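In the numbering used here, the protein residues as written are 11 to 664.
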């Protein structure tokens, strides 16, 4: 307990902390999607606090003003996860989809939105406005026949004056990141087909756009053949096309210049950035709409560069391909998804977090980083520095085959109001991220600080298969899902177990991290003293039969299933890597949290393993959240998850 604000002794896990569950859930805003109106110079970003996603306007004087009506939320369910949210029209209005997947036009000054399109079976996202005429590019998703095999996706052009919708590209299973150029006469987009995945099969196309809402002259620019392409961005000249491609071990930037545009045999040119050859630029996520670099002028480009899981923001001089840091790591070290937008010739807007600074909207001065500003913090309340744990980069060798280095970030118990007994080891929570093709960066997270300020250590494990560490590291998961990632968690626990300061260790994670948790408890039953599985998979065969279109072939790739295998062989592999069929090995108490409306990993997955463990007589608890889906993003669900998790760690780790 706290006594007169003096430093007192207390057991790990019993420390009092002002970072409450209510604060983490209700007082921390999630920021994303900066946009700028070229005509007015007004800037916007989205802000989520609770279940609703608002749109906030940044005026020229830096003042903030929420412009979305309170009964409307800027969101969509394209590809189930949702995709890129909105865009600014040339006249200053905004186009977006709402919570019912209706396409709306927003008058920001009047704070009034009207419905442009609404259908019970059609969903729209990833809007890109034409600056010269009333057309807007978008992804259309048709759920007329609502099963993974029958859902259809299209690239469409929407006329905002007439509500006319023209399907301008069809036939591919997936369309991604459509973009108009500045003149509105060219478009670029990504597409790929089953059974391939976007990580290594995205193709980049361009075409000429016509006022009738049609395209001609489709050209394949790059991609396919096992090389991923991502984030097409037109330059400010309206003709140069930039994108990121993985032609080697790391994803790098390329450009297709105007002089080359009509000479496709010359092809795109790699932007050689000395010193960044083993870093990754551009981002490939299952969440559509990544924006992690942007051309600022014809000479300068600002980009997020990821190396060993840590992001840096750099300014690139295209004249000589030199680059320099655009922000300090304590300000920005984790920047992901829809995060970067051009403001003017000298500034960009960036959403991200640093080791000292929580997620924020930053105004970055391209030429004078010392003049960078924070326009919006994700929190209003400030905490003393002595309460906040700092991340340590951790690398160690794996124990099994294939031999590799395992990566992650460690936050140690930190609270300057308490003096820990150094003779007593602290409890450690190992966190496996979702995806599984993703990673957790070192940015300040109050959900992590909730635990560290109470006396827990927290290790974010970027297991084999994580992005941000090279193509080889990411691809090492193909065929090995459920084995190598769980073995990495076990190796992490053993690595920290050899350190005298670490005591009992628990394992947790959401989605694929929840699957990892279940695999760890069955494959390494003596390693972890507790587990918390959020929205995880327990039976791969049932999951593969019922999950959504975007991930309906993902498991096969991750498990190494091929056309040459018989159905019996495939079933055997899925059964061998499903915790439901190995519950007899689970010893550690298990908490399961799951949304009842989860369309990615159906609730059945949690109920099945909970029932099996109850029948076996093992300690298990299933907490279901009504009205919520895979991400457990509703305030009641998010708080319930956090509170139940802390109770579980108090019972199993202290």
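Even glycine gets a Cβ: it sits at the ideal position worked out from N, Cα and C. Please read all numbers here as calculations on a predicted model, not as lab measurements.
Simplified DSSP state of residue i, which is helix, strand or coil
i           : result
residue 622 : helix
residue 129 : coil
residue 265 : strand
residue 507 : helix
residue 270 : Its pLDDT being 48, under 50, residue 270 is placed unreliably in this model, and the coordinates cannot settle the point.
residue 225 : strand
residue 596 : coil
residue 591 : helix
residue 109 : coil
residue 32  : helix
residue 285 : coil
residue 525 : helix
residue 114 : strand
Host alpha helix (DSSP H) of residue i (start-end)
i           : result
residue 370 : It is not in any alpha helix (DSSP H) - residue 370 instead sits in the beta strand (DSSP E) that spans 370-375.
residue 485 : 481-485
residue 306 : Taken as a continuous stretch (DSSP letters only), residue 306 belongs to no alpha helix (DSSP H), as it is neither H nor E.
residue 555 : 550-556
residue 661 : 645-662
residue 583 : 577-586
residue 456 : 456-462
residue 120 : Looking at the DSSP string, residue 120 is not in any alpha helix (DSSP H), and its letter there is neither H nor E.
residue 574 : No alpha helix (DSSP H) contains residue 574, which DSSP labels as neither H nor E.
Residues bridged to residue i [DSSP beta-bridge criterion]
i           : result
residue 134 : 150
residue 471 : 418, 442
residue 518 : 441, 542
residue 561 : Beta-bridge pairing links residue 561 to no other residue.
residue 279 : 265
residue 186 : 200
residue 75  : 67
residue 39  : According to DSSP, residue 39 bridges with nothing at all.
residue 392 : Looking at the DSSP assignment, residue 392 forms no beta bridge with any residue, so it has no partner.
residue 46  : 53
residue 220 : 224
residue 384 : 372
Boundaries (first-last residue) of the beta strand (DSSP E) holding residue i
i           : result
residue 405 : 401-407
residue 169 : 162-169
residue 378 : Careful: residue 378 lies outside any beta strand (DSSP E) and carries neither H nor E.
residue 211 : From DSSP, residue 211 is part of no beta strand (DSSP E) but of the alpha helix (DSSP H) over 208-211.
residue 635 : 630-635
residue 327 : 320-327
residue 493 : That residue, residue 493, is in no beta strand (DSSP E); it is neither H nor E in DSSP.
residue 613 : Here residue 613 belongs to no beta strand (DSSP E), and DSSP marks it neither H nor E.
residue 240 : 239-244
residue 255 : 251-255
residue 260 : From DSSP, residue 260 is part of no beta strand (DSSP E); its letter is neither H nor E.
C-alpha distance - residue i paired with residue j, whole-angstrom precision
i           : j           : result
residue 616 : residue 607 : 13 Å
residue 310 : residue 246 : 10 Å
residue 140 : residue 62  : 28 Å
residue 267 : residue 218 : 16 Å
residue 354 : residue 103 : 19 Å
residue 696 : residue 298 : No information on residue 696 is available, as it lies outside the stretch 11 to 664 that the chain covers here.
residue 342 : residue 626 : 48 Å
residue 450 : residue 372 : 21 Å
residue 59  : residue 81  : 14 Å
residue 649 : residue 458 : 14 Å
residue 47  : residue 119 : 14 Å
residue 630 : residue 660 : 15 Å
residue 591 : residue 535 : 14 Å
residue 472 : residue 485 : 13 Å
residue 92  : residue 123 : 20 Å
residue 541 : residue 418 : 19 Å
residue 339 : residue 322 : 7 Å
Distance cut-off 7 Å: residue i Cβ against heavy atoms of the ligand ZN
i           : result
residue 253 : Within the structure as shown, the ligand ZN is missing, as the structure has no ligands at all.
Three or more C-beta pairs closer than 8 Å, one from the stretch 493-508 and one from the stretch 545-564: is that the case here? No: the two stretches stay apart, fewer than three of their Cβ pairs being nearer than 8 Å.
Take every Cβ of the stretch 505-514, pair it with every Cβ of the stretch 544-551, and state whether three or more of those distances are shorter than 8 Å. Contact between the stretch 505-514 and the stretch 544-551 is absent, because fewer than three Cβ pairs lie under 8 Å.
If you pair each beta-carbon of the stretch 156-176 with each one of the stretch 520-528, do three or more pairs fall below 8 Å? Touching, no, given that fewer than three Cβ pairs across the two stretches are closer than 8 Å.
Any chance the stretch 437-444 sits against the stretch 461-476, with 3 or more Cβ pairs inside 8 Å? Touching, yes, given that three or more Cβ pairs across the two stretches are closer than 8 Å.
Quick one: any contact between the stretch 618-625 and the stretch 633-642, if contact means 3 or more CB pairs under 8 Å? They do not touch, by the three-pair rule.
State whether the stretch 69-77 contacts the stretch 582-596, with contact taken as three or more CB pairs (one from each stretch) at a distance under 8 Å. Flag = no, the stretch 69-77 and the stretch 582-596 do not touch.
Below 8 Å, can you find three or more Cβ-Cβ pairs linking the stretch 140-150 to the stretch 185-198? Short answer: they touch.
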